[in-house]
Each structure stands twice: as structure tokens, then as C-alpha cells.
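Novice: Each residue of the sequence shown is one higher than the one before, counting from 1128 in my numbering.
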Amino acid sequence: MNYVNGKIITEEECQPILENIGQMILSTLEKPPLDINLVIEACDNLVKNIHQLEAIKRLPELGISPLLMDIYLSQVEQMFSAQAIRERLATELGEHYNQPKELTYSYSKARATQTYAPLGVLFHITAGNVDVLPFLSLLEGLVCGNINIIKLPKEDMGITVSLLDELVKLEPAIKEYAYIFDYSSRDIYAMKKLADVADAIVVWGGDEAVKAVRSLADPNTKVIEWGHKISFAYATMSGVSAAANKADTESNQRNNALEKLAMNICLTNQLFCSSCQGIFLDTDDMQDVYDFCQTFRPILERVSQENPFAFDEGTKLFTQARVTLELYHKEIENRGTANRIFKGKDCSITALTDSNLEPSIMYRNIWVKPLKRESLLGLRRYKNYLQTAALICSKDEHDELCGKLLKAGVVKVSDGFDMSNYAVGEAHDGVFTLRCYTKIVSAKHKDDN
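1. In the DSSP assignment, what residue or residues form a beta bridge with I1328?
2. Thinking C-beta only, is A1254 closer than 8 Å to G1366?
3. Have a look at T1376 and P1425 and give me their C-alpha separation to the nearest angstrom.
4. Looking only at its own chain, which residues have a Cβ that is under 6 Å from the Cβ of D1523, when we skip the five neighbours before and after it?
5. Taking I1274 as part of the alpha helix (DSSP H), name the residues at either end of that continuous run.
6. With DSSP as the reference, please indicate the residues paired to N1492 in a beta bridge.
7. For T1410, which residues in the same chain have their Cβ closer than 6 Å to its Cβ, ignoring the five residues on either side in sequence?
8. Out of T1560, L1427, V1270, L1398, point me to the one whose CA is closest to A1605's CA.
9. In the DSSP assignment, find the alpha helix (DSSP H) that holds K1499 and state where it starts and stops.
10. Find the nearest neighbour of A1317 within the set N1147, R1449, H1456, judged by alpha-carbon distance.
11. Would you report the Cα separation of Y1243 and H1525, rounded to the nearest angstrom?
12. Restricting to Cα atoms, I'd like to know which of N1548, K1510, T1560 is closest to V1538.
13. Whose C-beta lies closer than 7 Å to the C-beta of F1423 among residues of the same chain, with five residues either side of it excluded?
14. When the Cα of I1328 is compared with those of L1246, K1571, A1550, G1471, which residue comes out closest?
15. Along the chain, where does the beta strand (DSSP E) that runs through N1129 open and close?
16. Evaluate the contact criterion for the stretch 1201 to 1216 versus the stretch 1297 to 1308: three or more CB pairs, one atom per stretch, below 8 Å.
17. On the three-pair Cβ rule with 8 Å, is the stretch 1211 to 1220 touching the stretch 1551 to 1568?
18. Going by beta-carbon coordinates alone, are S1487 and G1543 separated by less than 8 Å?
19. Is DSSP giving T1376 helix, strand or coil here?
20. Buried or exposed: N1275, going by 16 or more other Cβ atoms within 10 Å of its Cβ?
21. Verify whether the separation of the beta carbon atoms of L1080 and A1300 is less than 8 Å.
22. On the criterion of 16 or more Cβ atoms from any shown chain inside 10 Å, does N1583 qualify as buried, or is it exposed?
23. What is the DSSP secondary structure of S1541, counted as helix, strand or coil?
24. Is the distance from the Cβ of L1504 to the Cβ of A1535 below 8 Å?
25. When you compare each of W1353, V1337, A1322 to D1345 by their alpha carbons, which one comes out closest?
26. Please tell me whether Y1361 and L1528 are closer than 8 Å, where the distance is taken between their beta carbons.
27. Return the Cβ separation of C1400 and L1266 in integer angstroms, given the expectation that the two are a contact with Cβ distance under 8 Å.
28. Threshold first: 4 residues or longer. Then list the alpha helix (DSSP H) segments lying entirely within the stretch 1277 to 1305, N to C.
In C-alpha cells:
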């Protein structure tokens, strides 16, 4: 689905727009800049009524469970209320981000004014593993005053266009600042045309996606990478013991650290960069690893059954078949080794002897590996891939282990449940997004020229 200048357009109508998009953008830039306050007000009004939007009601079609949908909507309501956006702008760009700063040159004593400005034109190439990501990326570009071109992932199902259309109805001035296209990534001609008019390409995806974009972009086009990251949990024996002992009542069971980690694994199906792919255990004894797997398997299995896959039947069967085949291959590969697979209903835990960081096979199938705390800094070899770590330990161990994880390159330490949740003002991959989408400009006073 394509959307240009406030309306849905056909594939045939896209071609002349693609050929003339540079001129269309120049025409917009000739006009007064987009009033950020209008964007903020429109976002605020949109999220106030977000539960009633038809696009949101269609989210279950993407396989989103009711609980995850509630989490999503509460985060979007929080992130894009007027108060939250202004707080975020102040946090990321400085408290006086909207006030020009006066400068004086040291030798000539001439004066100049310095201020924040939009980066210009952002070409967002978004991934399909996070639902509603294209729209959220678009909003971040808009609140900085940029013109935004969105290349949709095939999994979007029209959600982004529907949400943008609602936003444009609230504030028509936005329509010239948002283009949406569903060109395939293999359409090199279209991708190159869109990249050529961009000041920056915002790419969400793994190494191959980033590599493809770098080959697409001209040397003078900035590339902003939200690349592939891997997140995990780190657990100590005392932390596991405390969590297991706490689960003596249903109320405590729902709030212990292992339960929270299982919730992240099952709600996200391990599809996000912030999802738990596996668990490192503070031990060098594989028997401890096996015992932990035996402890965690019934918890993961129960949480999985309480939060069944929200896919349609065809997608569910395909996913289960793929996972079954991969687990079968792992069983064959691991024969005669100390590696073991602990299977549950719609989930599994693979105990591995190495301490390498790697993605899981996802969809509630995790690995558990030994990694003594003295070796935590060895994770630095994955420094560009590390994102979130859930820490399961006793209170007197927390500060030491948190410090080690951050020094290793992790950018967020959390409990299991909040691994994939967002707090207003929190950085993304250790970087403030809005700083990436703006630039600082200065102009000498006309009287001093």
C-alpha cells in the first residue's frame, strides 16, 4: 500500500511520483518549516483515541496476543503524548532545544545564532519483526520536522498507512512530510531513487540489510543504523534459588524473576532485538546447567500455554514445522556430546557447553550456557551486537554484575519482563534517536556581515 500527499495511491500512480519525488521534496522545502507544535498536538490527539482506531483493531491479524497488544498500546500512549514528546525533546536535545543560542566569534567579535534543525529527508527502511515499527519510526522523524519516506516491510498489512491517514486527518500540514511506499527491497531502481533524495537512510535490520543499504547509499548520504542486536539473561545460582523458592503461592509465582523472563520469551516469541535469546548461568559445571533447565522448563511451558501463539493456523503450523526440523537437526548434531535438549509443549531449552553469544531458533526455544562472572567481560568481543541483559541474582550481587555487563557492552540491564519495554526518555541501542534525526546549524547575524 502506498500513500503520498495525504491519499492512498495505486502502484501505477507511484511511477510518475518516483520520477519526480526530488522536485516534490524541493517544493515542500521552499515553504515555511513544519510547526513541531502541530505535530505534537496531532500525536497527542491520536494516542488519546488509539484504542478506537480501525488500524489498531486489526493488529491481532499480525499475530499479536491480547496482553502484548495492551503493552504496545500503553507504551505508544506514553511515548507520544504531548507531555512525553516534549520531555523527550528536552532530554535528548537539551532543556532549551527550542531556544536559539547566541554565539560570539573570538577574534572578530561577530555574533551568530545557533539552533537545532531537522536533518532534512529521512528514508526509513524498516524491518518486519516489530509490529507498528514503521509508524513509530515515522513519528520520530516528524517530531524533529523531517520529511520522511517509509519503505514498508511486507508484513505491515496496511497498518502504517491507516495510522498515518488518521494523523493527517488531525493535522493536514503533515501530509507533505510523509511518503509511504511498499516497493520490494529487490527493486533496486526504486530504492536507489528514494535513497538519492535522502539526507540520511534509517535502516532497521541485520548485517545483510545494513550492508545492502551501504552499497545503495551515495558517499554523501548518512546511514543511521538500528542494526541487529542480541539480548540475553544472566543468572546466578543464588538468584535462581531465590526465584524458585519464591514461587510458593500463585501470586509470588507470577512475580518471580524466572516467570518474568518466561513472559518476555513467550510474548515476544524472541523476535525483537531486546528479546531473550538465551541464558548464561554463573557456573562452569554442566550439571548446574542441566538442573537449571529442569527447573525452568515447567515454568516456560506453563507460561507458553497461558499465552498461546496468536498466529493464524497456517502460520502456526509452518512455524512449528520449522522449529521441529531445527530441533531434530540439533539432536543429531549433539549426539555423543554433553549438549542436551529439554523439550516442553511448544517450547524447548537447549543446554550447550560453549559460552558463545548467538541467536536462538526463536519461538520459545532458548539456549542455556555456562559463563562464570569472572569471564563476563569476554562478551566484549560481541560489543556491536549486545543490547539488553536481564539480570537474575541476589540483591548483594546486583551492582557488581550490572557493572560487569555494562562494561562488556550491554546498553540496558533489566529484569526479564521489562527487557522489551520502553520508558520515556530511554535511549535506543545506547543512542538518543532524536539527536540522530537533527543537526545543529548556526548563522552569522546580518548586521555583522
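Cβ coordinates follow ideal geometry from the N, Cα and C atoms, glycine included.
Specialist: Taking the definition as stated:
1. F1250, V1350
2. no
3. Because T1376 carries a pLDDT of 49, less than 50, the predicted location of this residue cannot be relied on, and no value is offered for it.
4. none
5. Unbroken run through I1274 is the beta strand (DSSP E), 1274 to 1278; no alpha helix (DSSP H).
6. S1475
7. P1497
8. Because the chain is modelled from 1128 through 1576, residue 1605 falls outside the range shown and cannot be assessed.
9. Note, K1499: premise wrong, no alpha helix (DSSP H); not H, not E.
10. N1147
11. 39 Å
12. K1510
13. L1385, I1476
14. L1246
15. 1129 to 1131
16. no
17. yes
18. no
19. Low local confidence applies: a pLDDT of 49 at T1376 is under 50, so the model's placement there is unreliable, and no value is given.
20. buried
21. Residue 1080 lies beyond the residue range present for the chain, which begins at 1128 and ends at 1576; the question has no answer from this structure.
22. Because residue 1583 is not part of the residues shown, which for the chain are 1128 to 1576, the question remains open.
23. strand
24. yes
25. A1322
26. yes
27. 19 Å between Cβ atoms; not a contact.
28. 1286 to 1297
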